[in-house]
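Here the structure comes first, spelled out in structure tokens, and everything after it is commentary.
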Amino acid sequence: MLRAMLRNSRRTTLLRSLAWLSLVAVAVSCATGARLDDATGTSLSATTGGSSCLTGLLCGEECVDTATDRDHCGACDAACGASEFCVAGKCTLVCEKDFTECDGACVALGSDASNCGACGTACEPGFVCDGKGSCALSCQAELSDCSGKCVELSTNNQNCGVCGLACEPGFVCNGMGSCALSCQSGLVACDGKCIDPTTDEQHCGASSNCLGPNAGSACVAGEFCIGAGVCDAPCPAGQLFCGAQCVEPMSSNLFCGASGNCQGMNAGKLCVPGEACLGGICQTGPSSCKAANGLLWCFHPTECGHACTSTCAAVGKTLYADKVGWFQAQDTVAECQAISVAFGMGTAVAMNGFTYACLEDSGGAHTGNGGLLGPILCSTESACPQDHAFNADQLGLPCGANSRRSICPCQ
45 MLRAMLRNSR RTTLLRSLAW LSLVAVAVSC ATGARLDDAT GTSLSATTGG
95 SSCLTGLLCG EECVDTATDR DHCGACDAAC GASEFCVAGK CTLVCEKDFT
145 ECDGACVALG SDASNCGACG TACEPGFVCD GKGSCALSCQ AELSDCSGKC
195 VELSTNNQNC GVCGLACEPG FVCNGMGSCA LSCQSGLVAC DGKCIDPTTD
245 EQHCGASSNC LGPNAGSACV AGEFCIGAGV CDAPCPAGQL FCGAQCVEPM
295 SSNLFCGASG NCQGMNAGKL CVPGEACLGG ICQTGPSSCK AANGLLWCFH
345 PTECGHACTS TCAAVGKTLY ADKVGWFQAQ DTVAECQAIS VAFGMGTAVA
395 MNGFTYACLE DSGGAHTGNG GLLGPILCST ESACPQDHAF NADQLGLPCG
445 ANSRRSICPC Q
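According to the numbering used here, the sequence shown is numbered sequentially starting from 45.
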């Protein structure tokens with residue numbers, strides 16, 4: 045009987061233990077969501093290996109930890125983004141080294157144009173984030189950033205070849221990043237200066253780059269580079285080729301005092317109205333003197349009956365010494381008329397082989413402070429200047445009836 049009682053007691057204890065384990069299994073199954081076997085009351089296997097999902101959550105046939113699983117974060121199929129990790133059941137953005145979270149995204153503050161240097165700092169159009177967290181100008185191919193501007197270094201006059209290198213006045217950036225002389229149309233750059241190839245005696249006929257066969261010709265002594273870019277000696281001795289014509293530099297009102305090639309500083313001076321080129325110098329005289337035909341013509345302002353030497357002395361000048369030049373300046377009708385017009389007496393003149401009238405006015409009733417009486421007389425007699433220098437019609441006759449005034453070239 046005692047043995048029977050012991051056996052019954054052991055059976056009761058075993059049954060109680062099994063019942064308690066069954067309750068624990070059910071409780072675990074309820075807490076974890078694991079599915080229990082209907083026959084045995086144990087957790088079904090979540091893997092083919094037969095392991096039990098005692099801790100975690102069974103998602104489909106996979107036992108997962110929803111506190112850390114990126115595909116099932118906090119619940120089945122709640123996947124985190126590419127840059128997110130599951131922390132305590134919540135998807136949390138975690139950026140790699142050198143990246144910063146800006147509005148839910150990992151960005152590189154050193155190079156992100158929308159967040160350059162700091163979140164929300166966007167670069168303006170045409171600028172990029174330079175890799176150091178600063179917005180920098182973005183230039184197209186073959187352009188360079190010079191002080192915030194995109195420039196072509198091969199052609200930019202202010203930044204030629206390198207930023208900040210400006211070409212001097214008269215020079216341009218030549219397309220190869222070098223400053224080169226810039227010449228106006230019709231001129232050629234030779235030896236560092238712009239020359240006119242049609243008149244320059246050192247590079248007569250030069251063209252293009254002024255090198256080798258394009259350098260033109262150097263004119264020899266006595267030759268000039270005439271308009272066609274050819275060296276020639278077109279003028280007689282004593283004359284110069286100026287402005288496409290031969291001129292007397294000692295008497296030309298257009299090129300008074302010209303020399304050499306009659307270019308630039310050698311072109312002499314342009315005498316203004318009222319001046320005459322005398323001996324290569326533009327000169328003016330008193331009101332009784334007028335410039336015409338390259339000479340200054342004067343009459344005595346207060347007296348009549350004077351020869352040319354004393355006439356010039358009366359206005360503070362000397363008689364023009366070149367007798368041939370004197371004669372040739374009045375021996376045609378046109379020249380005589382030019383002198384008459386200069387004195388305001390019109391174009392009515394008298395031409396003849398006068399001995400002294402080179403020039404004189406007409407005889408008549410003069411007054412001491414009066415002017416000239418027309419018409420003016422000019423001579424075709426080549427010896428006239430020699431005679432008129434110390435003699436004259438009505439020589440010594442004071443102003444009054446039938447008196448005359450000499451009109452003489454003075455200097």
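Ideal Cβ placement from N, Cα and C applies to all residues, glycine included. This structure is a prediction, so every number in the text was calculated from the model and none was measured.
Residue i to residue j span [Cα, whole Å]
i: Ser158; j: Leu187; result: 24 Å
i: Asp244; j: Ala373; result: 32 Å
i: Pro280; j: Cys263; result: 17 Å
i: Ala71; j: Leu102; result: Residue placement at Ala71 is poorly supported in this model, since its pLDDT is 34, which falls under 50; the coordinates still yield a value, given next. Their backbone Cα atoms lie some 16 Å apart in a straight line.
i: Ser251; j: Pro241; result: 7 Å
i: Cys254; j: Gly192; result: 39 Å
i: Gln327; j: Ala302; result: 15 Å
i: Ser73; j: Cys139; result: The pLDDT assigned to Ser73 is 36, lower than 50, so where the model puts this residue is not dependable, and the model offers no usable value.
i: Pro278; j: Glu292; result: 13 Å
i: Ala335; j: Asn297; result: 9 Å
i: Ala409; j: Gly369; result: 31 Å
i: Gly304; j: Leu209; result: 40 Å
Proximal residues to residue i (C-beta, below 7 Å), its chain only, five neighbours per side dropped
i: Asn435; result: Ala351, Tyr400
i: Gly118; result: Thr110, Gly133, Lys134
i: Ala90; result: Low local confidence applies: a pLDDT of 38 at Ala90 is under 50, so the model's placement there is unreliable, with the coordinate-based value given in what follows. So the list reads Cys97, Leu102, Glu105, Glu106, Cys107, once near-sequence residues are dropped.
For residue i: DSSP bridge partner residues
i: Val195; result: Ser188
i: Phe268; result: Asp276
i: Asn396; result: Ser423
i: Thr144; result: Val151
i: Ser252; result: None, per the DSSP bridge assignment.
i: Glu245; result: In DSSP, Glu245 forms no bridge with anything.
Spatial neighbours of residue i in its chain, beta-carbon cut-off 6 Å, leaving aside the 5 residues before and after
i: Ser95; result: Any answer about Ser95 is weak, because its pLDDT of 45 lies below 50 and its placement is not dependable; what the coordinates show is given next. Answer for Ser95: no residue qualifies.
i: Asp375; result: Thr424
Three-state secondary structure (DSSP) of residue i
i: Gln289; result: strand
i: Cys97; result: coil
i: Ile325; result: strand
i: Cys315; result: coil
i: Cys103; result: strand
i: Ser354; result: helix
i: Ala433; result: coil
i: Gly175; result: coil
i: Ala126; result: coil
i: Phe215; result: strand
i: Cys452; result: strand
i: Val385; result: helix
i: Val368; result: helix
i: Val108; result: strand
Buried or exposed (CB count within 10 angstroms, at least 16 for buried), residue i
i: Glu379; result: buried
i: Asp147; result: exposed
i: Leu314; result: exposed
i: Lys141; result: exposed
i: Pro257; result: exposed
i: Ala83; result: Summary for Ala83: the model assigns pLDDT 33, below 50, so the residue's position carries little reliability, and this model does not support an answer.
i: Met309; result: exposed
i: Leu137; result: exposed
Neighbourhood of residue i by C-beta, 8 Å cutoff - its chain only, sequence neighbours within 5 removed
i: Ala288; result: Ile270, Gly271
Proximity test, Cβ basis, 8 Å: residue i and chain E
i: Leu416; result: Among the chains in the structure shown there is no chain E, since it carries only a single protein chain.
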